[in-house]
Amino acid sequence: KGLETLITREPGAKGLGVKLREILLNYEGEVSPKAESFLFLADRAQHVDCLIKPAITEGKIVLCDRHTDSTVAYQGYGRELDIVQINYLNNLATGGLKPDLTIIFDIDVETSMQRVGKNKDRMESAGVEFFNRVRCGYLEIAKQEPQRVKVINASDTIENIHNQVVELVNKL
């Protein structure tokens with residue numbers, strides 16, 4: 127449609143975030159669940175203040191790979207931290223900014239792990255039980271916020287997945 131777009135990701139969009147991503151995904155020592163959460167939240171605060179909010183101010187569409195819902199799913203459900211606290215800290219890190227649309231590409235954990243393959247980072251190495259909790263978390267978020275959060279079956283064909291994404295985005 128010719129709209130200016132910022133395509134970004136969390137963690138690690140640029141600058142400080144790149145360093146935090148390196149720690150989060152590749153640090154070989156022990157990282158407590160709380161410390162992990164704070165690293166993701168530090169990245170998010172920097173990301174929102176330095177990239178997302180300026181892009182929105184300029185009238186750009188922002189497409190972000192992972193955001194607040196990921197922290198709820200991974201650290202809240204996956205690491206079993208307090209979800210109320212995670213939501214509070216997400217709100218603090220974003221200044222209350224929430225996505226207009228979140229798309230969850232849902233797939234069973236075993237298939238997902240097969241797709242990742244053998245070159246797993248620290249997060250991807252967390253195990254089946256962890257990822258079952260994460261998946262349940264994402265699906266619970268979708269159930270709680272059905273207007274904003276949509277679930278797409280990631281086992282479908284690439285063409286069907288693409289068409290569903292286009293349909294959802296065009297509704298915005």
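Going left to right, the sequence shown walks through residues 127 to 298 as the working numbering numbers them. For every residue, glycine included, the Cβ atom is placed at its ideal position computed from N, Cα and C.
Just how far apart, CA to CA, sit Gln270 and Arg205?
As a working note, residue 270 is residue 144 in the sequence shown. As a working note, residue 205 is residue 79 in the sequence shown. Those two C-alpha atoms are separated by around 20 Å.
Whole-Å CB distance - Leu294 paired with Ile229, under 8 Å assumed
As a working note, residue 294 is residue 168 in the sequence shown. As a working note, residue 229 is residue 103 in the sequence shown. Contact flag correct, Cβ pair sits at about 6 Å.
Could you give the C-beta distance for Val277 and Gly221, rounded to a whole number, given that I count them as a contact under 8 Å?
To locate residue 277, count along the sequence shown from 1; it is residue 151. To locate residue 221, count along the sequence shown from 1; it is residue 95. Not really, about 27 Å apart at Cβ, beyond 8 Å.
Quick one: complete alpha helix (DSSP H) runs, 4+ long, within the region 155-239?
The region 155-239 is shown to contain whole alpha helix (DSSP H) runs of 4 or more residues at 159-173, 179-183, 194-197 and 209-220, in chain order.
First and last residue of the uninterrupted alpha helix (DSSP H) at Leu151:
Here residue 151 refers to the residue found at position 25 when the sequence shown is read from its first residue. Going by DSSP, Leu151 is part of the alpha helix (DSSP H) stretching over Leu142 to Asn152.
Going by C-alpha distance, which of Ile133, Ser281, Tyr264 and Gly263 is nearest Val188?
What you label residue 188 is simply residue 62 of the sequence shown in a count that begins at 1. Taking only the C-alpha atoms, the option nearest Val188 is Ile133.
Determine, using beta-carbon pairs with one atom in the region 250-267 and one in the region 183-199, whether at least three such pairs fall under 8 Å.
Result yes; three or more Cβ-Cβ pairs closer than 8 Å.
Spatial neighbours of Val291 within its chain, please: C-beta separation below 8 Å, excluding the five flanking residues on both sides.
Indexing the sequence shown from 1 puts residue 291 at position 165. Ile229 and Ile278, listed in sequence order.
Applying the criterion that 16 or more other CB atoms from any shown protein chain within 10 Å of the CB defines a buried residue, is Lys200 buried or exposed?
For this step, residue 200 is matched to residue 74 along the sequence shown. The question names Lys, but residue 200 in the sequence shown is Tyr. Label assigned to Tyr200: buried.
On the CB-based measure, 16 or more other CB atoms within 10 Å of its CB, does Glu285 come out buried or exposed?
Numbered from its first residue, the sequence shown carries residue 285 at position 159. Exposed, because fewer than 16 other Cβ atoms sit within 10 Å of the Cβ of Glu285.
What distance in whole Å lies between the Cβ atoms of Gln172 and Leu142, which are believed to be in contact at a cut-off of 8 Å?
In the sequence shown, the residue the question calls residue 142 occupies position 16. In the sequence shown, the residue the question calls residue 172 occupies position 46. At roughly 5 Å, the Cβ-Cβ gap stays under 8 Å, so Leu142 and Gln172 are in contact.
Which partner residues does Asn279 have in the DSSP bridge list?
Taking the sequence shown and counting its residues from 1, the one referred to as residue 279 is at position 153. Asp232.
Taking 7 Å as the limit between beta carbons, can you name the residues of its chain near Ala280, skipping five residues before and five after?
Residue numbering aside, residue 280 sits at position 154 when the sequence shown is read from its first letter. If we look at Ala280 and ignore the five residues flanking it on each side, its Cβ neighbours are Phe231, Asp232, Ile233 and Ile287.
Rounded C-beta distance between Leu207 and Lys160? I'm assuming under 8 Å.
Stepping through the sequence shown from its first residue, residue 207 is reached at position 81. Stepping through the sequence shown from its first residue, residue 160 is reached at position 34. Indeed they touch by this definition, with Cβ atoms about 7 Å apart.
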